[in-house]
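Chemist: To convert a position in the sequence shown, counted from 1, into our numbering, add 3.
Just so you know, even glycine gets a beta-carbon here, dropped at the ideal spot from N, CA and C.
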Amino acid sequence: MKVLVTGGCGFIGSHLVDNLLEKGHSVVVIDREETYRNGKTEYVKKDIVKDGIDGEFKGINTVFHLAADPYVKDSADVPERSFNDNVVGTFNVLEACRKNNVKRILFTSTSTVYGEAEVIPTPENYPCKPISNYGASKLADEAYVSSYAHTYGIKGTVLRLANIFGERSTHGVMYDFYNKLKKNSRELEILGDGKQEKSYLHVSDTVDAIMDVWKKQEKIYDVYNVGSSGKITVNELAEIMCREMEIEPEFRHTGGKVGWVGDVRLMLLECNKLKRLGWKEKVGLEEGIKKYIDWIL
Ligand SMILES: NC(=O)c1ccc[n+]([C@@H]2O[C@H](COP(=O)([O-])OP(=O)(O)OC[C@H]3O[C@@H](n4cnc5c(N)ncnc54)[C@H](O)[C@@H]3O)[C@@H](O)[C@H]2O)c1
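Have a look at this one:
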């Protein structure tokens, strides 16, 4: 099958591309960076906001739309970046689907659309009240995926991802800790009080979830949470990382209940809907962190 992955040279996208190729699909990748470019794909170096992308969608069966500005923290400082890459970018991708008669799209959204949820674990039908510009941009995208599904019959999937980690990740708390510890292994700065509790899912389980939903979703439009069954505190995460790296730094907290503007104190997604499709989390947190540290070292 001929499929297209936007953001296919990024962290999650590149793992998805590898999996699609292993399963025998023919893969077109659109990405403005070549970070993890797989030579077996048809690679198109384009920006989904600035460059015309309609031609690339001809003859495509399914679009996996992952290209985005994924930085929650930066979305407070430079709001137009997440608006352009995420909202305008997604609109352009959906338009390219419509014009080329592509009838299937899967879109990676985020747990941040829920904002500060009071029900934990949070189910998909919980009201979305994002508290970051990044979360707001992704919620706008979700609305468009829904409207294009119902208006033009483009079967749409929204995957609300928890914190995803693993090999090739170059953003997020684990990467931040690693870089700080590389500079100074005697002290680790932790943003907030370190008691923020969140769900972390390994990238291979994330790709399995995307592939399962692709094959098994029945409705014209549906939303799935994708996360781990457990949550841990940022302090516990730092302890596991230090153990794996065989170092014992002092922890220094910047203070406050959250790490940055738009950060949440608590995040755990209820993933029963995904599990009912047969998906299971396979990589435990400690095992996943070990794999990540081995890769990064
Ligand atoms: N990593 C996580 O923890 C996480 C959590 C929730 C949701 N997500 C979502 O999953 C998707 C992938 O995230 P990731 O962590 O792999 O990020 P990433 O930054 O590693 O990958 C994103 C890719 O998209 C490309 N891209 C961005 N804007 C583009 C544009 N305008 N035109 C062309 N290419 C563009 C980038 O060059 C990059 O290669 C994103 O949609 C993100 O919002 C990620």
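Helix, strand or coil: how does DSSP classify I299 here?
Modeler: Helix, per DSSP.
Chemist: Count the other CB atoms, across all protein chains shown, that sit within 10 Å of the CB of N89; report buried if there are 16 or more and exposed otherwise.
Modeler: The residue in question, N89, is buried, as its Cβ has 16 or more Cβ neighbours within 10 Å.
Chemist: Might you give, ordered along the chain, the residues of its own chain that have their beta carbon closer than 8 Å to the beta carbon of N187, omitting 5 neighbours on each side?
Modeler: For N187, where only same-chain residues beyond five positions count, the Cβ hits under 8 Å are P252.
Chemist: Which complete beta strand (DSSP E) runs does the segment 187-248 hold, if anything under 3 residues is left out?
Modeler: As far as the segment 187-248 is concerned, its whole beta strand (DSSP E) runs of at least 3 residues are 190-193, 203-205, 224-229.
Chemist: Count Cβ pairs between the segment 138-146 and the segment 71-88 that sit closer than 8 Å; are there 3 or more?
Modeler: Counting Cβ pairs under 8 Å, three or more are found: they touch.
Chemist: Could you give the first and the last residue of the continuous beta strand (DSSP E) run that contains R301?
Modeler: With the chain covering 4 to 300 only, the question about residue 301 has no answer from this structure.
Chemist: Can you list, in chain order, the residues of its chain whose CB lies under 7 Å from that of E1, leaving out five sequence neighbours each side?
Modeler: Residue 1 lies beyond the residue range present for the chain, which begins at 4 and ends at 300; the question has no answer from this structure.
Chemist: In whole angstroms, give me the CA-to-CA distance for E65 and R255.
Modeler: Sequence check: residue 65 is Thr here, not Glu. Cα to Cα, the separation comes out at about 47 Å.
Chemist: Does at least one heavy atom of ligand 1 sit under 8 Å from the Cβ of T65?
Modeler: Because no heavy atom of ligand 1 lies under 8 Å away, the Cβ of T65 does not count as near it: no.
Chemist: Mind listing, in chain order, the continuous beta strand (DSSP E) runs of no fewer than 3 residues lying wholly within the segment 65-93?
Modeler: Fully enclosed beta strand (DSSP E) runs of 3 or longer: 65-68.
Chemist: Return the bridge partner residues of V8 from the DSSP annotation.
Modeler: Partner(s): V32, F67.
Chemist: Could you name the residues of the same chain whose beta carbon sits closer than 7 Å to that of M248, not counting the 5 residues immediately before and after it, in chain order?
Modeler: Taken in chain order, the residues that qualify are L184, I296.
Chemist: What does a CB cutoff of less than 8 Å around F86 pick up in its chain, not counting 5 residues either side in sequence?
Modeler: Excluding positions up to five away in sequence, the list reads N136, S140.
Chemist: Compute the Euclidean distance between the alpha carbons of T111 and V91, then round it to the nearest angstrom.
Modeler: Approximately 15 Å between the Cα atoms of the pair.
Chemist: Please name the residue, chosen from W298, K285, R246, D196, that lies closest to V267 on a Cα-to-Cα basis.
Modeler: Nearest of W298, K285, R246, D196 to V267, Cα basis: D196.
Chemist: Would you report the Cα separation of G13 and L269, rounded to the nearest angstrom?
Modeler: Taking the straight line joining both Cα atoms gives about 27 Å.
Chemist: Would L271 pass as a contact of S207 if the rule is Cβ separation under 9 Å?
Modeler: Not closer than 9 Å, so no.
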